[in-house]
Each structure stands twice: as C-alpha cells, then as structure tokens.
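A.B. asks: Position 419 of the sequence shown, counted from 1, bears residue number 442 in the numbering used here, the numbering being contiguous throughout. Don't be surprised by glycine CBs; every beta carbon is placed ideally from N, CA and C.
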Amino acid sequence: MLITFYFAIIICFISCEGELPATSTVSDEGEKSIRFYEKTLDSLLEADLPNAYSYVQKLLKCDTVIANPRFFNTVIEKAGIIKAYSGDTDSSLYFWEKAKNYWMTDTTLIGKEHYGAVLNNIGFTYFSKGDLTNALTVFEEARKFSSSSGSMPLRINSHLNLSDVYQALGDYGKALDHIEQCITLCVENNDSVKMANAINAYAILYSNCQLFDEAQQQFDIELKYSRHFSPYMEFNYYNSKGRMFYLKEDYVMAKKEFLNGLAVVSRDDSYANMIILSNLAETYLLLNNPDSAKVYLDKVSEKGIGLSTMPIFNFNYNSLLGNFYWQKAELEKAKNAFEKADIIATQIDVDKVLRKLHIQRKTKFYISTKNYQQASLLLQDFVKLNDLILQEDNLKLVAGLKYRFERDATIINQRSELALKEQELKSYRFQRTILVAGIFVLALVTVLIILFFRKARALNYEKNIRRISALKMENVRGHISPHFTFNILNNIWTIIDDRENARFQFDNLMNMIRHSLVNTEKIAIPLAEEIEFVTSYLNLQNFRMDGELDIVWDIDQGVDLTTLVPGMILQIPIENSIKHGLTPKQGTKKLTIGIAIDDGVLTFVIDDNGIGYNAKAITSKGTGTGLRVLTNTINLLNQINARKMSYDIQSQNNDGESGTKVTVKIPLNYNFNLS
C-alpha cells in the first residue's frame with residue numbers, strides 16, 4: 024500500500040537505539056561524533072518527535088555534519104520524515120526534494136536506497152494531498168529506477184504504490200496488474216511482509232468494486248501473515264476492513280474495526296490519526312451518536328497542522344462538524360461550519376463521494392431551517408452527483424470483472440501448456456525406461472500396457488475436464504459479457520427512479536456473476552445453487568423482455584435441494600428455450616420448469632410453448648457452446664457410472680400449439696468424482 028510503504032521507509036531509518044545525550048549542545052567530534060549524533064537522532068525519532076526536530080535543526084548547523092554530505096542529507100531526509108509525521112506536508116516535500124537532489128548523484132548502494140526511499144516518500148505526499156498526477160509521475164520514476172538499480176524492495180513497493188494511484192484514478196485493470204506483479208515478486212523473494220501489503224491492496228480493490236465476499240476472503244488471508252505485521256500494518260488492516268464494512272453500510276462492524284485501528288496507531292502519526300479519527304467521527308454520526316462523534320472531532324481539531332496543510336481533511340472535518348451541530352440543533356454553528364467547508368471546496372478538487380456526503384448533510388440542514396428552496400437546489404445537485412458516482416462505480420466494476428475474465432482465460436491456457444509439457448516429459452522418461460529395461464521387455468510390456476491405458480484414461484479425463492472448463496468459461500462470457508452487462512445496466516438505468524426494483528435487478532446481476540465465477544470449474548454443485556443461479560438469470564431475462572415471460576416452477580416436496588447436479592444443467596436448456604423458442608414467438612410465452620423424483624431418478628422437465636425445436640436453426644444462430652458443455656459433461660460422467668444420465672430434446676405440437684420439451688434424468692447417488 025502507498026501509506027504502508029511510506030511508513031516502512033521511516034522504520035527503516037530509525038532502526039538504531041542509543042542513550043539520549045546529556046546535553047543538547049552539538050560539537051565537532053569527527054566521525055565518532057557523527058555516529059553519536061545518528062544514534063541520538065534515531066532514539067529521538069522513536070520516542071520524542073518534537074525534540075527530534077529541534078535536534079535536527081542543531082545538527083544542520085554543526086560544522087562536523089556540514090562537512091559530511093552523506094550524513095548531512097540523511098539528516099535532511101529525516102527532517103522530512105518528522106514533518107510528515109506531524110502532518111506538515113509542505114515542509115516534508117521541501118526537505119525531501121533537497122535530499123533527492125543529493126542522493127541522485129550518489130551511485131553507491133546506500134545512495135540508491137536513499138534515493139528510492141525519497142522518491143516513494145515524495146510520491147506518497149503528493150497522493151495524500153490529492154495530487155494524483157504528480158504522485159503517478161514520481162512513482163513511475165521510482166519503478167523505473169528500481170528496475171535499473173536492482174533494488175527488489177523498492178521494486179515491490181513501487182508496484183504497490185502504483186496500484187493505489189491507479190485505483191484512485193479508477194483504472195482498476197492497471198491496479199490489478201501492479202498487484203499481480205507485486206505478488207509474483209513477493210513469492211520469488213519470499214517476502215512475507217510485502218505479501219501481506221499486496222493482499223491488503225487486493226482486499227481494498229474488491230471493496231471498491233463492492234465484491235465484499237471476495238474482499239473478506241483477502242482480509243482472512245492477510246490475517247494469516249499477522250506475525251509479520253508492523254504496528255502500522257496492523258492499523259492499516261483494521262482501517263481497511265472498517266472501510267469495507269462502511270461501504271456495506273454495516274456501521275456497527277465498521278466502528279468496531281476503526282476502534283481496533285485507533286488502539287494500535289501511533290500518537291505521533293498525524294496522518295494516520297487524522298484518517299482513523301475522521302472515520303470514527305463519521306461512523307458515530309451515522310449511528311446517531313453525536314456526543315461520541317464530537318469526542319473524535321475534537322481530537323481531529325487538535326491535529327491543527329494536519330488540517331492546515333491537508334485541506335481535504337479540513338474540508339471533511341468542517342462538513343462533519345456541521346452535521347454534528349445540526350444533530351444537536353445548534354443551527355447557527357452548523358451553518359458556519361458548512362460555509363467553511365464550502366470555502367475550502369472552492370480551493371481544491373474534492374472527491375465526488377466526499378462532495379456527495381457534504382451536500383447530503385447540508386440538504387438536511389436546510390430542510391430543518393425550512394429553507395426549502397436551497398434544499399431543493401442541493402437535492403438536485405445530490406441526485407446528479409449520485410447518479411454520476413453510480414455510473415462510474417458500475418463502469419469500474421465491469422472493468423474489474425472483465426479483467427478477471429481475461430486473466431482466468433490466460434490461466435487456463437497456461438495450465439494446458441504446462442500439462443502438455445509434463446506429458447511430453449513423461450513420454451520421454453517412458454521411452455528411456457523401455458530401452459534400459461529391454462532385457463525384461465516381455466514382462467515389462469504387460470505391466471506398461473496396463474499402466475498406459477490407465478494413464479491414457481486419466482489424461483483423457485483431465486483433457487475433457489479442461490475442455491469442459493474452457494467451454495463453461497466461454498459460455499459464461501456469452502451471457503455475462505461486458506456487452507450483456509452493459510445492456511442490463513442500461514435497462515436498470517431506465518428504472519433508476521424506482522430504487523427498489525433497480526436494486527433488485529442489480530442484485531440479480533451480481534448474484535449471476537458471482538455464481539458464474541465461483542462455479543465455472545466445478546463439475547457438480549448443489550441443486551439449490553443451480554436453482555438460485557437460474558432464478559437470477561430468469562429475473563434478468565424477464566426484465567429485459569418487459570415481463571413477457573410466464574415462468575412456472577413445479578418442484579416436488581420430496582426433492583432434496585442438497586443433491587449434486589452438473590453445473591448449468593438447468594441454465595443451458597432454459598437459455599436455449601428463451602433464445603430459440605420463446606423470443607421469436609408472438610403472443611403468450613410460457614416456460615415451465617419441473618423437478619421431481621421418480622423411481623430413484625431425479626428428473627428435470629423444461630417445457631415451453633415456443634416455435635419448436637430446430638437443431639439447424641439453433642446451430643446457425645449461435646455457437647452451440649451450451650449444448651457442447653452438457654453433451655461433453657454427460658458423456659464423461661456416464662463413463663464412470665453404471666446407471667446413466669440422459670438428456671432428451673423433443674419438439675411437440677399439441678392441438679396446434681407448438682413448443683419444445685427437454686428432459687434430463689439423473690440417477691440418485693450418481694458419482695461425480697472423476698479422480
């Protein structure tokens with residue numbers, strides 16, 4: 024993480040301990056004095072920041088220090104660290120730029136390490152000030168420098184920092200790419216600390232995409248690295264997890280995680296304190312507990328230099344303060360606080376989400392003061408901004424998911440190539456064994472023939488499984504491709520004023536995507552999951568067709584919903600029924616789905632009153648991927664089962680009414696284990 028790396032550098036430079044000097048006087052004592060000064064400064068950095076800066080000022084005037092350029096610029100660098108800790112970003116930038124100009128001329132290993140550290144600290148400072156353009160430029164410079172210098176820690180940190188900037192810019196594809204590169208480098212170098220940071224970056228990205236189950240998974244994995252946590256990494260874990268619960272609108276759990284973060288954050292770390300205290304104040308306000316919120320707002324106010332040098336915090340502080348006074352019915356004070364926030368907003372580029380929350384608070388204030396005209400104007404701004412944020416969030420989500428699909432396809436190809444190479448290697452070893460053991464050829468041939476056929480069957484199963492997985496992935500892309508997703512989102516957009524219905528359809532889309540991603544590589548899943556997946560799919564199709572579908576479910580009471588069935592066993596024939604039978608039909612469009620148990624056989628019947636079954640028409644209108652998935656899966660599974668699964672399609676014509684009937688029969692206790 025950006026913030027994590029910034030403090031990792033600080034820890035790197037305050038690793039020494041020593042006794043504090045008996046006097047604050049700095050004298051010229053040569054190299055021995057330099058070692059003493061360095062030891063003393065490191066001790067002060069760890070225990071007493073205010074006196075540390077006073078000591079730095081004295082060192083910078085000392086002739087011995089001035090005569091040693093390397094130590095002199097190390098002191099300047101640490102002055103920047105002290106100012107950054109206290110929240111004075113302008114001063115920290117001043118010191119780091121001076122140090123950078125020196126270290127870029129030092130070609131030794133120590134000089135390169137200092138130069139890389141300064142670059143990343145400068146980049147983080149720009150990031151904390153909201154200057155993403157300069158942050159990206161500096162971090163790219165650090166990444167290129169790390170590649171040429173051979174510094175692996177700097178290279179890993181540069182990828183983490185760039186992933187944060189690209190997330191802030193909304194380019195989730197590039198953010199994912201940098202996280203993946205970081206994880207690869209961590210594995211190669213067995214770096215557990217940076218691996219924990221990379222996993223945390225993954226969790227934050229999933230939270231931003233509103234994939235909260237996946238985010239929780241990453242937080243659980245990150246916790247396994249807890250023995251490698253520094254105090255700041257522990258704070259960052261709790262704060263990031265609290266933010267996930269905040270985005271889920273679970274403010275009770277968010278408060279719990281933020282309080283855990285507050286318990287471990289350093290009291291001298293102004294930036295981290297500003298973050299966690301602001302988060303707690305806002306959470307208590309959302310929980311309608313203004314008195315507790317005021318406690319944390321007062322603590323934010325105590326970090327005065329942070330508010331003055333980081334205007335985004337000052338804006339958020341005054342907006343939250345206005346909300347506090349509004350909840351306490353102190354309307355004049357609320358008005359003054361909101362006006363201060365408005366003035367700051369004219370001077371900086373405020374994040375859309377922060378602006379939306381600020382407008383929401385002000386709208387409530389104007390309604391309570393009966394200034395309905397101003398409230399109405401703000402409400403219009405709120406709706407426009409909220410719609411813009413929703414649109415951007417949807418685009419980010421789709422971009423992130425599209426990247427995951429592309430990455431999944433790449434992984435499948437890589438596995439196939441690896442399996443092929445392993446097969447070639449085994450074949451070579453097999454031939455060599457035959458030549459060496461020629462004397463035993465007769466007995467050995469018999470054994471090898473048996474092994475060969477077993478191996479061939481196993482390889483055939485493996486090949487078929489990979490083929491089915493690839494076909495499933497292709498089929499998944501077919502019905503949750505970016506084109507399909509954008510069409511559904513556009514349809515949802517048309518009913519955005521009907522919030523409940525829009526939320527229902529959006530949940531259907533998310534449920535469908537989640538099931539597709541989780542179950543793609545599974546041969547069999549519980550019947551309940553297949554029904555849930557199909558229900559979401561039908562809801563979306565019926566929504567797309569303006570409710571023309573008449574869907575009837577007929578499930579016998581004796582059906583056990585935990586029974587395993589092949590994945591997509593219902594979805595594929597239902598999709599074909601809608602696409603090829605019902606969509607082109609005029610008039611009533613009825614689809615009946617029956618599930619029953621008869622004589623130890625689980626039976627599915629999908630019946631429609633469409634235009635009837637035409638194999639050639641289906642082939643000409645689509646890729647036939649779905650039918651190939653079913654056919655290959657059934658044929659593969661039937662090879663290891665005495666009682667066979669069956670799949671039958673019939674075109675029907677009853678009393679002039681056309682249609683198609685699909686029947687799937689699966690014996691109970693059917694074996695899905697191919698290993």
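Check ALA619 in the structure and name its three-state DSSP category.
C.D. replies: Residue mapping note: residue 619 aligns to position 596 of the sequence shown, counting from 1. Three-state DSSP puts ALA619 in a strand.
A.B. asks: On the DSSP bridge list, what partners appear for ILE574?
C.D. replies: Start at 1 with the first residue of the sequence shown, and residue 574 comes out as number 551. LEU614, per the DSSP bridge assignment.
A.B. asks: Examine chain B for any beta-carbon lying closer than 7 Å to the beta-carbon of ASN661, and answer yes or no.
C.D. replies: Note that chain B does not occur in the displayed structure, where there is just one protein chain.
A.B. asks: Go ahead and label TYR395 buried or exposed: buried means 16 or more other beta carbons lie within 10 angstroms of its beta carbon, across all protein chains shown.
C.D. replies: Along the sequence shown, one-based indexing puts residue 395 at 372. Answer is exposed; the Cβ neighbour count stays below 16.
A.B. asks: Given a cut-off of 7 Å on the beta-carbon distance, is the pair GLU115 and LYS106 in contact?
C.D. replies: Position 92 of the sequence shown, counting from 1, holds the residue named residue 115. Position 83 of the sequence shown, counting from 1, holds the residue named residue 106. The question names Glu, but residue 115 in the sequence shown is Ser. Closer than 7 Å, so yes.
A.B. asks: What is the rounded straight-line gap between the Cα of ALA454 and the Cα of GLN662?
C.D. replies: Mapped onto the sequence shown, residue 454 falls at position 431. Mapped onto the sequence shown, residue 662 falls at position 639. Correcting the residue identity first, residue 454 is Gln in this sequence and not Ala. If I take the Cα positions, the gap works out to 30 Å.
A.B. asks: For LEU474, which residues does DSSP report across the bridge?
C.D. replies: Residue mapping note: residue 474 aligns to position 451 of the sequence shown, counting from 1. Answer is none; LEU474 lacks a bridge partner.
A.B. asks: Report yes if the CB atom of LYS387 is closer than 7 Å to the CB atom of LEU401, and no otherwise.
C.D. replies: Working through the sequence shown from its first residue, we reach residue 387 at position 364. Working through the sequence shown from its first residue, we reach residue 401 at position 378. Not closer than 7 Å, so no.
A.B. asks: Would you mind giving the Cβ-Cβ distance between LEU68 and LYS101, rounded to the nearest angstrom? I have them listed as a contact below 8 Å.
C.D. replies: In the sequence shown, residue 68 corresponds to position 45, counting from 1. In the sequence shown, residue 101 corresponds to position 78, counting from 1. Yes, LEU68 and LYS101 are in contact; Cβ-Cβ is about 7 Å, under 8 Å.
A.B. asks: Please name the residue, chosen from ARG666, ASN632, ILE367, GLU136, that lies closest to ASP622 on a Cα-to-Cα basis.
C.D. replies: The count along the sequence shown starts at 1 and reaches residue 622 at position 599. Closest by alpha carbon: ARG666.
A.B. asks: Closest by CA to LEU605, which one among ILE578, THR517, GLY570, VAL588?
C.D. replies: On the sequence shown, position 582 is the one that residue 605 refers to. Considering only alpha carbons, the answer is GLY570.
A.B. asks: Along the alpha helix (DSSP H) that carries PRO92, what are the first and last residues, could you check?
C.D. replies: Locating residue 92 in the sequence shown gives position 69, counting from the first residue. Its alpha helix (DSSP H) spans residues 92–108.
A.B. asks: Looking only at its own chain, which residues have a Cβ that is under 7 Å from the Cβ of ALA364, when we skip the five neighbours before and after it?
C.D. replies: As a working note, residue 364 is residue 341 in the sequence shown. If we look at ALA364 and ignore the five residues flanking it on each side, its Cβ neighbours are PHE338, ASN341, SER342, GLY345, HIS381.
A.B. asks: What's the gap between the Cα of ILE89 and the Cα of LYS81?
C.D. replies: As a working note, residue 89 is residue 66 in the sequence shown. As a working note, residue 81 is residue 58 in the sequence shown. Straight-line Cα distance between these residues: approximately 11 Å.
A.B. asks: On the three-state DSSP scale, how would you describe ILE743?
C.D. replies: Since the displayed the chain opens at 24 and closes at 698, residue 743 lies outside it and no answer follows.
A.B. asks: Give me the residue from ASP187, ASP671, ILE179 with the minimum Cα distance to MET218.
C.D. replies: Taking the sequence shown and counting its residues from 1, the one referred to as residue 218 is at position 195. Ranking the options by Cα distance to MET218, first place goes to ILE179.
A.B. asks: Determine contact between the region 142–158 and the region 187–196, defined as no fewer than three beta-carbon pairs at a distance below 8 Å.
C.D. replies: Yes, they touch.
A.B. asks: Which residue comes first and which comes last in the alpha helix (DSSP H) that contains THR626?
C.D. replies: The sequence position of residue 626 within the sequence shown is 603, counting from 1. No alpha helix (DSSP H) holds THR626; the beta strand (DSSP E) holding it covers 624–631.
A.B. asks: Helix, strand or coil: how does DSSP classify VAL7 here?
C.D. replies: With the chain running from 24 to 698 in the structure shown, residue 7 is simply not present.
A.B. asks: Pull up the CB-CB distance for LYS608 and GLY649, whole angstroms please, since I reckon it's below 8 Å.
C.D. replies: Position 585 of the sequence shown, counted from the first residue, corresponds to residue 608. Position 626 of the sequence shown, counted from the first residue, corresponds to residue 649. Contact flag wrong, Cβ pair sits at about 20 Å.
A.B. asks: At the level of alpha carbons, what is the spacing between ALA619 and VAL628?
C.D. replies: Indexing the sequence shown from 1 puts residue 619 at position 596. Indexing the sequence shown from 1 puts residue 628 at position 605. Those two C-alpha atoms are separated by around 9 Å.
A.B. asks: What residue range does the alpha helix (DSSP H) around THR87 cover?
C.D. replies: In the sequence shown, the residue the question calls residue 87 occupies position 64. That run of the alpha helix (DSSP H) goes 86–89.
A.B. asks: What separation, rounded to the nearest whole angstrom, lies between the Cα atoms of SER56 and GLU362?
C.D. replies: Reading the sequence shown from its first residue, position 33 is the one you call residue 56. Reading the sequence shown from its first residue, position 339 is the one you call residue 362. So the two alpha carbons sit approximately 54 Å from each other.
A.B. asks: Return the CA-CA distance between THR131 and SER170, expressed in angstroms with no decimal places.
C.D. replies: Residue mapping note: residue 131 aligns to position 108 of the sequence shown, counting from 1. Residue mapping note: residue 170 aligns to position 147 of the sequence shown, counting from 1. In a straight line, the C-alpha of THR131 is about 16 Å away from that of SER170.
A.B. asks: Does DSSP put ILE435 in a helix, in a strand, or in coil?
C.D. replies: The residue you call residue 435 lines up with position 412 of the sequence shown. Residue confidence is low: ILE435 scores 40 on pLDDT, short of 50, so the model does not pin down where it sits. Its coordinate-derived value is still stated next. Three-state DSSP puts ILE435 in a helix.
A.B. asks: Less than 8 Å between the CB atoms is what I'm expecting for PHE258 and VAL287, so what's the real figure, rounded?
C.D. replies: Numbered from its first residue, the sequence shown carries residue 258 at position 235. Numbered from its first residue, the sequence shown carries residue 287 at position 264. About 5 Å; that satisfies the 8 Å criterion.
A.B. asks: Going by the CB atoms, is the gap between ASN531 and LEU563 shorter than 7 Å?
C.D. replies: Working through the sequence shown from its first residue, we reach residue 563 at position 540. Working through the sequence shown from its first residue, we reach residue 531 at position 508. Closer than 7 Å, so yes.
A.B. asks: Give the secondary structure of PRO681 by DSSP, where H, G and I count as helix, E and B as strand, and everything else as coil.
C.D. replies: For the purposes of this step, residue 681 is taken as the residue at position 658 of the sequence shown. First, the residue type needs correcting, since residue 681 is Ser and not Pro in the sequence shown. Strand, per DSSP.
A.B. asks: What is the DSSP secondary structure of LEU402, counted as helix, strand or coil?
C.D. replies: What you label residue 402 is simply residue 379 of the sequence shown in a count that begins at 1. The answer is helix: DSSP assigns LEU402 an H, G or I state.
A.B. asks: From GLU355 to LYS407, what does the alpha carbon distance come to, in whole angstroms?
C.D. replies: Counted from its first residue, the sequence shown places residue 355 at position 332. Counted from its first residue, the sequence shown places residue 407 at position 384. Spanning the two alpha carbons is a distance of roughly 28 Å.
A.B. asks: Where does THR508 land, buried or exposed, given buried means 16+ other C-beta within 10 angstroms?
C.D. replies: In the sequence shown, residue 508 corresponds to position 485, counting from 1. Label assigned to THR508: buried.
A.B. asks: What's the C-alpha gap between THR626 and ALA238?
C.D. replies: As a working note, residue 626 is residue 603 in the sequence shown. As a working note, residue 238 is residue 215 in the sequence shown. Going from the Cα of THR626 to the Cα of ALA238 covers about 38 Å.
A.B. asks: Going by the DSSP bridge assignment, what does ALA238 pair with across the sheet?
C.D. replies: Numbered from its first residue, the sequence shown carries residue 238 at position 215. Answer is none; ALA238 lacks a bridge partner.
A.B. asks: Note down, in chain order, each residue of its chain lying with its Cβ closer than 8 Å to the Cβ of GLN204, except the 5 sequence neighbours on either side.
C.D. replies: For this step, residue 204 is matched to residue 181 along the sequence shown. HIS182.
A.B. asks: Use the C-beta contact count for ALA352: other C-beta atoms within 10 angstroms, 16 or more gives buried, fewer gives exposed.
C.D. replies: Locating residue 352 in the sequence shown gives position 329, counting from the first residue. Looking at its Cβ environment, which holds fewer than 16 other Cβ atoms inside 10 Å, ALA352 is exposed.
A.B. asks: Note down the Cα distance separating SER559 from PHE695, rounded to an integer number of angstroms.
C.D. replies: If you number the sequence shown from 1, residue 559 lands on position 536. If you number the sequence shown from 1, residue 695 lands on position 672. SER559 and PHE695: Cα-Cα distance of roughly 25 Å.
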